[in-house]
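Residue numbers (full-length UniProt numbering): 1 to 513.
From the three backbone atoms N, C-alpha and C, an ideal C-beta is built for every residue, glycine too.
Being a predicted model, the structure only gives us computed values, none of them experimental.
Right, dumping it as structure tokens:
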């Protein structure tokens, strides 16, 4: 019934966090609006500063409003951070307890040595010989001691990650030996357990991790990503500029996911055949949540594909029947079918063409709109309209079919708040639940055992009281009987006196008669 306890109970599970987020959204969202604004939270707080602080905690993309999906993601992240903090503190307590046991062992050995030195004068020679022997065998313990010290430095001094963090470990790790991404599952004194994206559990010594470069995604801010695109040689600067403007419009419309900035970088020119163009876009978050990263990356890549088709930027390779795929696109080999009305210049296909193919006629100064669409031909001057573009303007994300919604995230929008890839607390929760059940069962067994013992003691005490009462009755009876035996004339004197009285009364009655 306590609201605080209800919120804590909901934050324990992912589904509970989503229920809490939907409840908050329905409570604060005004009618006619799909988002929650900062003014909507002021009714729940006495101080405007607290309301602004609460709003900024949920508005992580800093766009001025909170959607339901954003609220669900924040609530799920808060629940997992609570689990992460609890698990980290638990692991740290376990490490400290083990380290305390090791130090207590050494203290105990030192106390024994000092005690032997004090009580015996000849113990010094024995200890000297024993020390020489241990020093001679020190090579056996040098590796273990080095690993132990490096692990202590790694866990307590460096401490590059906590439980639940997504990390990238560079070095000889991973399937290819070039590093891999992991989620931290458990931190022990001498080792750390990781969970891979595929679900595998990996154990790594802390002494090895102490010498590697580690990238912590949770402690990283907003990230950028560069997408290399290989385009044909001869792509105009105007096409690349229009591509950038189109992508800038997209990221500004999706301000919850991306920063409003796009960078272009021309990397290299390959044999007058192709250009390598880097398209750099900026996220509004890090890559701790893999589901959210996939959602935003898929969304941008889908829009990039559509923008490339709309602008008319194509790749360097041809896809024509009977032609070599390595033929540069700026060499105009392709043309309309033979017999098309125009002025043509004859060309002969290259050596990779099919045997028996007729020469292809290429129009000079004519457009290629009459070429069949399945030929894949293109011109360096004229553009072929995208199949996704219509004659009338349509909003971004709208399909060419009417009343059909296109999900640019490719289904990842529904999974971003429920990131099962990074859930490393499921097994720990099962183990904790199993331990709790075992403790509860043992507690119930102990309670039943104590109740049984109490009942037996109660029965025994009741039997003892009954026997004590019977013994007291018997003792009283014995005392009475012993008293009668000690004074036998008491009853006889009473009977004699009663006999004299009877005689006197009888004699009196006789005289009266």
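Sequence-distant partners of residue 230 (beyond 5 residues in either direction) whose C-beta falls short of 6 Å from its own C-beta, in its chain, are 274 and 276.
About 18 Å separates the CB atoms of residue 179 and residue 286; that is not less than 8 Å, and the two are not in contact. Out of 166, 268, 206 and 279, the CA that lies nearest to the CA of residue 233 is found in 268. In the three-state scheme derived from DSSP, where H, G and I count as helix and E and B as strand, residue 259 is classed as strand. Taking all protein chains shown into account, residue 210 has 16 or more neighbouring C-beta atoms within 10 Å of its C-beta and is therefore buried. Judged by DSSP in its simplified three-state form, residue 92 adopts helix. Around the beta carbon of residue 27, a 10 Å sphere encloses fewer than 16 other beta carbons of the protein chains shown; the residue is thus reported as exposed. With a cutoff of 8 Å on beta-carbon distance, residue 301 and residue 189 are scored as not near each other. The alpha-carbon of residue 49 is positioned some 26 Å away from that of residue 219. The alpha-carbon of residue 311 is positioned some 42 Å away from that of residue 78.
Bridge partners of residue 192 according to DSSP: 187 and 204.
When the Cα atoms are used, residue 40 and residue 62 turn out to be separated by approximately 16 Å. Under the three-state reduction of DSSP, residue 138 is assigned to helix. Assignment of residue 253 by DSSP, reduced to helix, strand and coil, places it in the helix class. Judged by DSSP in its simplified three-state form, residue 168 adopts strand.
In terms of Cβ geometry, residue 258 and residue 284 form a close pair [threshold 8 Å]. Cβ contact annotation for residue 182 (same chain, cutoff 7 Å, sequence separation greater than five): 167, 169, 194, 195, 196 and 202, in chain order. In this chain, residue 278 is not harboured by any alpha helix (DSSP H); it is covered by the beta strand (DSSP E) spanning 274-283. Straight through space, the alpha carbons of residue 162 and residue 88 are spaced by roughly 6 Å.
Secondary structure note for residue 298: it is in no beta strand (DSSP E), and the uninterrupted alpha helix (DSSP H) holding it is 290-311.
Per the C-alpha coordinates, the member of 44, 37 and 303 positioned closest to residue 59 is 37.
Counting C-beta atoms within 10 angstroms of its own C-beta, residue 235 has 16 or more neighbours from the protein chains shown and is therefore classed as buried. Annotated three-state conformation of residue 446 is helix, per DSSP. Remark: C-beta atoms of residue 25 and residue 71 approach each other more closely than 8 Å. Beta-bridge annotation (DSSP): residue 224 is paired with 282.
Bridge partners of residue 181 according to DSSP: 168.
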